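In this note's numbering, the protein residues as written are 42 to 326.
Here's the structure, in structure tokens; my notes come after.
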Amino acid sequence: MTEHRPVKDTDATPVKATPTLPDAQTVTEVTHYTDRLFSFRCTRPASLRFRSGEFVMIGLMGDPHPETGKVKPLLRAYSIASPSWDEELEFYSIKVPDGPLTSKLQHIKSGDEIILRPKPVGTLVHDALLPGKRIWFFATGTGFAPFASLLREPQTYEDYDEIIITHTCREVGELTYGRDLIAALKDDELLNEVIGEGFWKKIKYYPTTTREESQKMGRITDLMRSGAAFDDLGVPPLNPEMDRAMICGNLAFNLELKDMLEAYGLVEGANSNPQHYVVEKAFLD
Numbered sequence: 042m043t044e045h046r047p048v049k050d051t052d053a054t055p056v057k058a059t060p061t062l063p064d065a066q067t068v069t070e071v072t073h074y075t076d077r078l079f080s081f082r083c084t085r086p087a088s089l090r091f092r093s094g095e096f097v098m099i100g101l102m103g104d105p106h107p108e109t110g111k112v113k114p115l116l117r118a119y120s121i122a123s124p125s126w127d128e129e130l131e132f133y134s135i136k137v138p139d140g141p142l143t144s145k146l147q148h149i150k151s152g153d154e155i156i157l158r159p160k161p162v163g164t165l166v167h168d169a170l171l172p173g174k175r176i177w178f179f180a181t182g183t184g185f186a187p188f189a190s191l192l193r194e195p196q197t198y199e200d201y202d203e204i205i206i207t208h209t210c211r212e213v214g215e216l217t218y219g220r221d222l223i224a225a226l227k228d229d230e231l232l233n234e235v236i237g238e239g240f241w242k243k244i245k246y247y248p249t250t251t252r253e254e255s256q257k258m259g260r261i262t263d264l265m266r267s268g269a270a271f272d273d274l275g276v277p278p279l280n281p282e283m284d285r286a287m288i289c290g291n292l293a294f295n296l297e298l299k300d301m302l303e304a305y306g307l308v309e310g311a312n313s314n315p316q317h318y319v320v321e322k323a324f325l326d
């Protein structure tokens with residue numbers, strides 16, 4: 042098992058001077074976790090208001106068209122990983138070598154500019170759920186991002202007695218972002234003051250890997266079917282009277298987990314029709 046340590050970009054000087062982009066925001070920090078994952082922070086538009094768990098469109102300018110020379114923006118939906126009260130915005134991203142956007146985005150540095158369209162939307166918000174006692178956050182890969190926001194949102198702890206966050210990745214290093222974020226909550230003076238001392242004790246973190254050996258191996262869906270996940274966490278299987286859930290992962294994971302939750306009796310909700318669980322359809326890990 043290899044220990045991965047995040048590598049932060051601390052150089053606040055832009056690599057090169059570039060024209061101001063439309064809806065431009067300035068990158069303030071970049072952290073690389075593995076050769077496939079990184080996070081970054083940027084300035085927040087003064088007019089941007091969002092609910093923790095929502096996403097926005099971000100991107101960069103593409104390459105000039107070979108014939109016309111015109112340049113168009115490359116935009117993708119990214120969940121905001123920072124909570125609604127943060128003065129900056131944080132994002133968690135995968136690196137795709139030949140990806141139209143991420144092949145460029147993974148090379149940004151402090152001081153660079155990105156495009157950010159300040160029109161937040163999304164289903165992973167508290168408003169889309171009925172009141173409950175326990176909430177489950179189910180994530181794969183960079184699907185952890187909206188839960189990074191919600192885990193630092195005071196309303197999460199006001200609404201629920203228990204917060205369970207499951208994170209399934211292929212390798213141990215891919216768990217670093219979420220693991221470090223949850224560990225840091227214990228020493229977050231602001232949140233301990235605003236939410237209440239020891240608020241983080243409500244969290245049960247359940248990381249698993251599917252390829253590299255770790256403390257807990259297996260897909261969360263398989264571990265739930267076998268009952269191992271519930272035994273490990275010390276909780277009963279989900280039921281609509283107590284449990285609420287949010288899902289953010291790859292398409293196959295989302296569909297499989299939707300079927301499982303509905304078999305437990307949970308009903309899918311939306312902003313316009315709050316129910317027992319919601320899925321972020323805009324995100325594909």
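Each residue gets a CB set at the ideal place from its N, CA and C atoms; glycine is no exception.
As the structure is a prediction and not an experimental result, all values here were calculated from the model.
The alpha helix (DSSP H) enclosing residue i, as first and last residue numbers
i	result
R175	It is not in any alpha helix (DSSP H) - R175 instead sits in the beta strand (DSSP E) that spans R175 to T181.
K145	T143 to L146
S267	I261 to S267
E303	L292 to A304
L226	T217 to L226
S80	Element bounds for S80: not the alpha helix (DSSP H) but the beta strand (DSSP E), L78 to T84.
F91	Taken as a continuous stretch (DSSP letters only), F91 belongs to no alpha helix (DSSP H), as it is neither H nor E.
S190	A186 to L191
Delimiting residues of the beta strand (DSSP E) encompassing residue i
i	result
F240	Here F240 belongs to no beta strand (DSSP E), and DSSP marks it neither H nor E.
M102	F96 to M102
P159	E154 to V162
Y74	No beta strand (DSSP E) contains Y74, which DSSP labels as neither H nor E.
K245	I244 to T250
D284	D284 to C289
A118	P114 to S120
Y318	Y318 to V320
Exposure of residue i, with buried meaning 16 or more beta-carbon neighbours within 10 Å
i	result
S80	buried
L231	exposed
D272	exposed
A225	exposed
A189	buried
L296	exposed
A122	buried
R252	exposed
R193	buried
D76	exposed
Between the CA atoms of residue j and residue i - distance to the nearest angstrom
i	j	result
L302	V319	10 Å
R211	N291	13 Å
S267	L307	19 Å
S144	N280	42 Å
K257	F185	18 Å
H317	G152	42 Å
D229	I223	10 Å
N233	A269	32 Å
G259	P195	31 Å
S313	E108	46 Å
A311	L165	9 Å
P47	F132	15 Å
I156	G214	29 Å
K136	P187	18 Å
G140	E238	43 Å
P124	G94	8 Å
P278	S88	42 Å
S163	R117	In the sequence as displayed, the identity of residue 163 is Gly instead of Ser. Taking the straight line from one Cα to the other gives about 14 Å.
M287	G110	43 Å
T59	K150	Low confidence applies to T59: its pLDDT is 47, below 50, so where it sits in the model is not reliable enough to give any reading.
E199	A304	28 Å
C289	V235	27 Å
Y247	D64	38 Å
E154	T72	16 Å
Y74	H167	29 Å
Assumed close pair residue i, residue j - CB separation to whole angstroms, cut-off 8 Å
i	j	result
V112	P105	5 Å
F179	T207	5 Å
E309	K322	Going by Cβ atoms, the distance from E309 to K322 rounds to 11 Å, so no, they are not a contact pair.
Residues near residue i by beta carbon distance below 7 Å, same chain, minus five either side
i	result
G173	Y201, M283, D284 and R285
L264	T249 and A270
T209	T181, T249, T251, R260 and I261
F294	T181
Chain-order list of residues whose beta-carbon lies under 8 Å from that of residue i (same chain, five-residue window excluded)
i	result
S134	L78, F79, S80, F81, Y119, T143, L146, Q147 and T183
T84	Q66, T67, T69, E129 and L130
K160	V97 and M98
R175	Y201, D202, E203, I204, I205, V276, M283, D284 and R285
M102	L62, V112, K113, P114, L115 and I156
P138	S144
K243	Y198, Y201, D202, E203 and I204
F91	V97, I121, S125 and P161
G100	P114, L115, L116, R117, L142, L146, I155 and I156
Chain-order list of residues whose beta-carbon lies under 6 Å from that of residue i (same chain, five-residue window excluded)
i	result
P245	A small correction: the amino acid at residue 245 is Lys; Pro does not occupy that position in the sequence shown. The answer, listed in chain order, is I205 and L274.
R220	none
P315	A169, L170 and L171
S255	V213
L191	S93, G94 and T197
K227	W241
Y86	Residue identity differs from the one stated: residue 86 is Pro in this sequence, not Tyr. Within the same chain, P86 has close Cβ partners P159.
W177	I205 and A286
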